[in-house]
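See structure below.
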Amino acid sequence: MSEAAKPGVLTGAQWKDAMGRAWAALHPVLERMNRPVGEATAARAGVAPGDRVLDVGCGTGDTSLDLARRAGHDGRCLGVDISATLLDSARKAADAAGVANVAFLEADAQTHAFAPGSFDVVYSRFGVMFFDDPDAAFANLRRAAAPGGRLAFTCWRKPQDNPLSTIAVDAARPFLPPIPPPTPGAPGRFAFADPDRVRGILERSGWKDIEIEALDAPTPASLDEMMALNLDLGMLGPILRDQPEAVRAQVHEAVGAAFAPHVVDGVVPMTAACWLVSARA
């Protein structure tokens, strides 16, 4: 299996290329599904007029626009992502919406030299599980936060709490080269599934008043949407790009058959089982 196809391993180049384009294409579906999680995270962050907000892993910028509106004319939001493709979509969305107090930066939040103490809020919706060195990343974000600044992010709980998350991969396995299980704690969707690990990372990187609570948000999708999300993105996306058309067709049929029994009244009634995490600088 190529480096690009290893579970949980996605480089900046990939996000600028195929994965970035796939994510941008599915942006309306993803935003509709993830909006309840983002709103809960913003509420936990307590974004208020005048706040300076950092949005980590902002993607196509929907969360950044919402945070900028919450911060008002006297506040601002900086959205950071490693994908130039997604940031291009974010800038176009900001221009179309007429939101002037938002900016976007192509950078790795783990290593970027943010001005110390320059943000009142550090926020992320599903954007912090991919750091190579989480301790270093959250220490860097801690330096960027103003004294007493708030941290709020969401991350996925374990796969067992998200049973539909493994259906596609399990259905595809018979047609693909062996897919090794992700290394526990390795960068990827479920890297922060263990709340004790999350708490330890935040404590070591200088955050305090840490709170971690379960969040279950309804994220229904049609069967076609679930197929696209799992075959174009997720673990299977980069793997299938290396496979011949015949194999892709077999996987498509198998994944569709696996999801079909879960369709109720035209939708797959999925729930996002997450951790809602907050802390103070």
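Under the numbering used here, read the sequence shown as residues 68 to 348, first letter to last. Heads up, the beta-carbon is just placed ideally off N, CA and C, and yes, glycines get one too.
Outcome for residue i when other beta-carbon atoms lying within 10 angstroms are tallied against a minimum of 16
i      : result
Ala72  : The predicted model places Ala72 with a pLDDT of 39, which falls under 50 and marks its position as unreliable; any figure quoted below should be read in that light. Counting Cβ neighbours within 10 Å, Ala72 comes out buried, since at least 16 surround it.
Gln227 : exposed
Val331 : exposed
Leu343 : buried
Gly117 : exposed
Asp263 : exposed
Arg119 : buried
Gly304 : buried
Pro74  : Unreliable positioning characterises Pro74 in this predicted model, as indicated by a pLDDT of 47, which lies under 50. The coordinate reading is nonetheless provided below. With 16 or more other Cβ atoms within 10 Å, it is buried.
Asp133 : buried
Cys341 : buried
Gly142 : buried
Gly126 : buried
Pro201 : buried
Val236 : buried
Thr130 : buried
Asp309 : exposed
Gly124 : buried
Ala182 : exposed
Ala316 : exposed
Supposed close pair residue i, residue j - CB separation, criterion 8 Å
i      : j      : result
Val318 : Leu307 : 6 Å
Ala204 : Phe198 : 4 Å
Val322 : Leu231 : Contact doesn't hold; Cβ gap of about 12 Å is too wide.
Ala109 : Arg137 : 6 Å
Arg209 : Gly139 : Incorrect: roughly 25 Å between the Cβ atoms, too far for contact.
Met196 : Phe259 : 5 Å
Proximity to residue i [Cα-Cα], best of the options
i      : options                        : result
Pro251 : Leu243, Phe242, Asp261, Pro244 : Asp261
Ala325 : Leu343, Thr338, Asp291, Gly304 : Asp291
Val96  : Thr286, Asp199, Ala160, Gly255 : Thr286
Glu98  : Glu320, Ala288, Ala346         : Ala288
Val147 : His140, Ala161, Gly128         : Gly128
Leu282 : Pro241, Arg224, Asp202         : Arg224
Ala161 : Cys144, Arg209, Pro201, Ala321 : Cys144
Arg88  : Ala157, Met100, Leu132         : Ala157
Ile277 : Met86, Ala112, Met100, Ser131  : Ala112
Leu153 : Arg271, His94, Lys275          : His94
Arg271 : Asp155, Ala348, Glu280, Arg136 : Ala348
Gly194 : Gly255, Gln310, Gly139         : Gly255
Val265 : Ile234, Pro328, Ala316, Thr221 : Thr221
Glu280 : Asp309, Ala219, Val123         : Ala219
Ala239 : Met196, Ala313, Leu121         : Ala313
Trp90  : Ala327, Ser150, Ala135, Thr130 : Ser150
Ala174 : His140, Arg209, Asp122, Ala295 : Asp122
Ala229 : Glu320, Met294, Ala284, Ala295 : Checking the sequence shown, residue 229 turns out to be Asn, not Ala. The shortest Cα separation from Asn229 among Glu320, Met294, Ala284, Ala295 belongs to Ala284.
Met293 : Met337, Met86, Ala115          : Met337
Phe257 : His329, Leu269, Thr233         : Thr233
Below 8 Å, can you find three or more Cβ-Cβ pairs linking the region 91-111 to the region 164-182? no
Is there contact here, the region 183-192 with the region 158-170, by at least three beta-carbon pairs under 8 Å? The region 183-192 is not in contact with the region 158-170.
Meets three-Cβ-pair contact criterion under 8 Å: the region 202-222 and the region 234-252: no
Residue ranges of each alpha helix (DSSP H) within the region 120-172, 4 or longer: 129-138, 151-164
Every unbroken alpha helix (DSSP H) within the region 278-336, with a cutoff of 4 residues, ordered by chain: 290-299, 303-307, 312-326
I'd like the ranges of any beta strand (DSSP E) spanning at least 3 consecutive residues and lying wholly in the region 179-218. 186-192
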